[in-house]
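Everything below concerns the one structure shown next.
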DNA sequence: GAGTGGTCTAGACCACCGG
DNA sequence: CGGTGGTCTAGACCACTCG
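Residue numbers (this note's numbering), protein chains in the order written: chain A, -12 to 260; chain B, -12 to 260.
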């Protein structure tokens, strides 16, 4: 018989089976690694590799020095990225375009989730290559700097996503609310429109990557967890100039990120409500 | 002084520095793990953890029993998902909507990439929950089955993405090309339109998850590599019925997945050309 | 057959958490 | 304080690839 799969894979599969059958219920703490090791009569490192597999699959979350816990299934928060926010089709309930602050809370409420967000932190930082390119900053500028507004967003009391918006320095001088550490209630789109930049289009990009240390801390996870999803939106104004770069980091599983095109049934829009 | 970061993190950072400075050039093989271990005077496991970090960051790719190699930077293949494929706006060069076969090769060519794809493999399989839901199969149906068409896609001779399309069994009986193991030259959208299903809209969803064993094999990677990006498109016809589910698996880094809304400058559309 | 990474052991010490 | 997971060692054997 032999079972040529590595031990740690077998143990991971065993544990996953126990989770699926409810022997280990959502929220339960796994037995300590030492106990698991003696149960299967393997060394501690082998158990670590097994638990690692479960972590990568999103079945458990490990908090260092406390324990590993079976992930609670959550009603995912549906994030519809192509809100009809470019003109007349601004129908309530048709997505919120990943907007700042209040738009986020309103959309969560519609989906019967409680949500809140931190006050933004604002910094002027040296621009990185990606930000220079996205914002179309001329390359002859010696030490390009940008304004970064960051917010932490929570759904159901738990960390949901991190959002960073980048603006050219000149823009923040014209539109000073950008450098205040206060949420822009009307939304940045409306606010910047009143300062001469109408958002007429945007380009969205998606990537998956391992979380940074900061992100791990925010999401409360240990190393070797899931990858995060990075969504970058470059917004263009009526002159075809990029004027905002918004980067949002999501933990997979708790969010459902989608885009809708053309005609789809009403129920599809309403999903998640 | 002390440097309290774990050794494996320091070593990973060292190696990454060597890659960035060109000491280790793209395509180069890393020294064998044993050699690295003696160089830093640490045990083999510590080196493994260090190399692991690089793998997760996409800086090296490891082929078991051969070695670890510095990732070659690639001109990413730009995949614009909201091709104007819903009507009159079908402008060449404006994305290919993740289409099957020939559309994929044509888009690659426009971006000056060589591309090819495998003949599709076609199977009738027991439908999984996600497929039943997406295709709107009635829940009173006892043993729901679906047709799955799968293609492997290559760019520049290297594995690029895996695409699986799912259809209801009844549809494949009406539209028999779906169950032939031959690429549908005109594209499934056009083909199914001539069989009474006009694609009038779609819903796209994104996720990140660890690769399955099959995907690891296809991409030629070892375990503990990057997460993959999963893109699911549910297509709706003129009656608001879902009639196709297409799931595409991308390796991050080699592809740039994007969505465009509203008016953006021409250069944006042309990026990647 | 030599070289590679993958798995595994049986220990050890540490840092952080909670009561 | 005891309990937890995180790091680390110094070995071992295996499976696979390639010349």
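By construction, the Cβ of each residue, glycine as well, lies at the ideal position given by its N, Cα and C atoms.
In chain A, what lies closer than 8 Å to residue i by C-beta?
i	result
residue 245 (chain B)	190, 191, 192, 193
residue 59 (chain B)	Near residue 59 (chain B) there are no residues of chain A at all, since even the closest Cβ is about 18 Å away, more than 8 Å.
residue 227 (chain B)	250, 251, 252
List the residues of chain B whose Cβ lies closer than 7 Å to the Cβ of residue i, in chain order.
i	result
residue 187 (chain A)	249, 250
residue 24 (chain A)	Per Cβ cutoff of 7 Å: no residues; residue 24 (chain A) is ~17 Å from chain B at best.
residue 153 (chain A)	By Cβ distance, chain B contributes nothing, its closest Cβ being about 17 Å from residue 153 (chain A), past 7 Å.
residue 216 (chain A)	193, 195
residue 239 (chain A)	194, 195, 196
Determine the direct distance from the alpha carbon of residue j to that of residue i, and round the result to whole angstroms.
i	j	result
residue 12 (chain B)	residue 148 (chain B)	26 Å
residue 185 (chain A)	residue 94 (chain B)	32 Å
residue 162 (chain A)	residue 32 (chain B)	53 Å
residue 214 (chain A)	residue -3 (chain A)	23 Å
residue 167 (chain B)	residue 222 (chain B)	21 Å
residue 104 (chain B)	residue 204 (chain B)	16 Å
residue 144 (chain B)	residue 146 (chain A)	42 Å
residue 2 (chain A)	residue 61 (chain A)	20 Å
residue 232 (chain A)	residue 191 (chain B)	22 Å
residue 253 (chain A)	residue 171 (chain A)	31 Å
residue 34 (chain A)	residue 40 (chain A)	10 Å
residue 219 (chain B)	residue 234 (chain B)	4 Å
residue 196 (chain A)	residue 193 (chain B)	14 Å
residue 169 (chain B)	residue 89 (chain B)	12 Å
residue 207 (chain B)	residue -7 (chain A)	19 Å
residue 7 (chain B)	residue 229 (chain B)	47 Å
residue 51 (chain B)	residue 52 (chain A)	33 Å
residue 209 (chain A)	residue 68 (chain A)	29 Å
residue 174 (chain B)	residue 122 (chain A)	37 Å
residue 102 (chain A)	residue 160 (chain B)	47 Å
residue 224 (chain A)	residue 187 (chain B)	29 Å
residue 250 (chain B)	residue 180 (chain A)	16 Å
residue 116 (chain B)	residue 21 (chain B)	46 Å
residue 65 (chain A)	residue 201 (chain A)	24 Å
residue 43 (chain A)	residue 182 (chain A)	45 Å
residue 240 (chain A)	residue 45 (chain A)	8 Å
residue 124 (chain A)	residue 153 (chain A)	12 Å
residue 291 (chain B)	residue 257 (chain A)	Given a span of -12 to 260 for chain B in the structure shown, any question on residue 291 (chain B) remains unanswerable.
residue 267 (chain A)	residue 165 (chain A)	Look at the range of chain A in this structure, -12 to 260, and you will see that residue 267 (chain A) is not part of it.
Give the DSSP-derived three-state secondary structure of residue i in the structure shown.
i	result
residue 92 (chain A)	helix
residue 219 (chain A)	strand
residue 16 (chain A)	strand
residue -8 (chain B)	coil
residue 150 (chain B)	strand
residue 42 (chain B)	helix
residue 101 (chain B)	coil
residue 194 (chain B)	strand
residue 242 (chain A)	strand
residue 47 (chain B)	strand
residue 175 (chain B)	helix
residue 53 (chain A)	coil
residue 0 (chain A)	helix
residue 11 (chain B)	coil
residue 122 (chain A)	helix
residue 145 (chain B)	strand
residue 29 (chain B)	coil
residue 128 (chain B)	coil
residue 163 (chain B)	helix
residue 234 (chain A)	strand
residue 110 (chain B)	strand
When we look at the beta-carbon of residue i and count the other beta-carbons within 10 Å, is it buried (16 or more) or exposed?
i	result
residue 226 (chain B)	exposed
residue 9 (chain A)	exposed
residue 4 (chain A)	exposed
residue 211 (chain B)	buried
residue 199 (chain A)	exposed
residue 99 (chain A)	exposed
residue 111 (chain A)	exposed
Since residue i and residue j are thought to touch, with beta carbons under 8 Å apart, how far apart are those beta carbons, to the nearest angstrom?
i	j	result
residue 30 (chain A)	residue 24 (chain A)	6 Å
residue 150 (chain B)	residue 132 (chain B)	With a Cβ gap of about 20 Å, residue 150 (chain B) and residue 132 (chain B) do not count as contacting.
residue 107 (chain A)	residue 140 (chain A)	Contact doesn't hold; Cβ gap of about 11 Å is too wide.
residue 16 (chain B)	residue 55 (chain B)	7 Å
residue 247 (chain B)	residue 255 (chain B)	7 Å
Along chain A, which residues have their Cβ under 7 Å away from the Cβ of residue i?
i	result
residue 43 (chain B)	197
Given that residue i touches chain B, what residues does it touch there, using C-beta distances under 9 Å?
i	result
residue 223 (chain A)	249, 250, 251, 252, 255
Run down chain B in chain order and give the residues with a C-beta less than 8 Å from the C-beta of residue i.
i	result
residue 160 (chain A)	Result: empty, since nearest Cβ-Cβ is about 24 Å, beyond 8 Å.
residue 261 (chain A)	Any property of residue 261 (chain A) remains undetermined from this structure, which presents chain A solely from -12 to 260.
So which residues on chain A does residue i lean against when the C-beta distance must stay under 9 Å?
i	result
residue 127 (chain B)	Per Cβ cutoff of 9 Å: no residues; residue 127 (chain B) is ~19 Å from chain A at best.
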